[in-house]
Amino acid sequence: MKKICTFVINKENKILLLLGSDKDPQFHRSFWYAVTGGCEDYDETIEDTVKREVKEETGLDLKESIYLNWIFKYESLGVECEEYVYASFVDERKNSFK
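Shown next as structure tokens:
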């Protein structure tokens, strides 16, 4: 399964971190912070996955995403995964975070 994770960065070069959620089986009751991530849908590119997951998880629109040439391979919940790592920059004209 192809997945992504992305470091969401604002114009001050701050990275947005998310807390684990009770709805997420991997981060259930987690005190760990995490970056935005998720699974590729069957009909989209990996770059479209980055945009969609950031919008779904944070409500933010992106200006640009850069693939960092970094892939994690692991098993999660019984499924073999390849996770592609990106750095994504917030579209400051539309939204921001502090």
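Counting along the sequence shown from 1, when you hit position 64 you're at 908 in our numbering, and nothing is skipped either side.
Built from N, CA and C at the ideal position, the CB exists for glycine as well.
Which residues DSSP lists as bridging residue i, in chain order
{"i": "S932", "result": "V852 and S909"}
{"i": "E897", "result": "Its beta-bridge partners do not exist; DSSP assigns none."}
{"i": "I859", "result": "I853"}
{"i": "G882", "result": "I848"}
{"i": "E888", "result": "Answer by DSSP bridge pairing: none, since E888 is not bridged."}
Separation of residue j from residue i, as counted between CA atoms
{"i": "E936", "j": "T889", "result": "24 Å"}
{"i": "N857", "j": "M845", "result": "31 Å"}
{"i": "D887", "j": "E900", "result": "17 Å"}
{"i": "A878", "j": "I910", "result": "19 Å"}
{"i": "E926", "j": "D885", "result": "14 Å"}
{"i": "L862", "j": "T880", "result": "7 Å"}
{"i": "V898", "j": "E919", "result": "23 Å"}
For residue i, the nearest candidate out of the options (CA to CA)
{"i": "G903", "options": "L860, M845, E856 and I848", "result": "L860"}
{"i": "L912", "options": "A878, E926, Y930 and V879", "result": "Y930"}
{"i": "T850", "options": "Y886, D887 and R896", "result": "R896"}
Beta-carbon spacing of residue i, residue j below 9 Å
{"i": "K847", "j": "C883", "result": "yes"}
{"i": "E908", "j": "F933", "result": "yes"}
{"i": "K867", "j": "D905", "result": "no"}
Neighbour-count burial assignment, residue i, 16 or more Cβ in a 10 Å radius
{"i": "G922", "result": "exposed"}
{"i": "Y928", "result": "buried"}
{"i": "I853", "result": "buried"}
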